[in-house]
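Numbering (the working numbering), first residue to last: 47 to 194.
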């Protein structure tokens with residue numbers, strides 16, 4: 047009985063979406079890390095192997111990473127995903143575009159303004175955009191009233 051209850055608690059804490067911001071932030075960091083890995087893998091592949099300009103590669107990587115992020119946010123981080131998946135994803139994408147602008151501006155400032163190499167500029171830009179992305183998704187998208 048105790049083991050079954052412990053497994054239920056673990057499942058609730060580790061698997062199911064949660065209301066607690068104390069659990070949402072670390073989950074959002076994990077989701078962001080996984081999407082950032084996808085984003086950066088695509089980004090570096092496009093820049094190094096395909097010789098795509100770093101800013102254009104950042105856009106492509108960011109968008110594909112965004113799909114990964116939406117799936118994780120809707121199914122694991124936040125308990126109230128929009129009921130209409132298409133509308134939810136479109137709203138998510140619109141909010142992500144602001145994050146993309148923050149990312150591109152950060153990279154432009156770091157690369158062109160202070161001549162930082164594109165690799166650390168990209169990593170720093172990811173952290174700058176995280177704040178906007180988490181807060182906008184929590185308060186503007188993954189709310190109970192939008193999941194009905």
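Every residue, glycine too, gets a C-beta built ideally from N, C-alpha and C.
Ranked by how close their Cα comes to the Cα of residue 80, the residues 170, 71, 66 and 111 have 111 in first place.
In terms of Cβ geometry, residue 104 and residue 171 form a close pair [threshold 9 Å]. In this model, residue 98 and residue 92 are separated by some 5 Å (Cα to Cα). The distance from the Cβ of residue 116 to that of residue 90 is about 22 Å, inconsistent with a contact at the 8 Å cut-off. A straight line joining the alpha-carbon of residue 187 with that of residue 127 spans about 8 Å.
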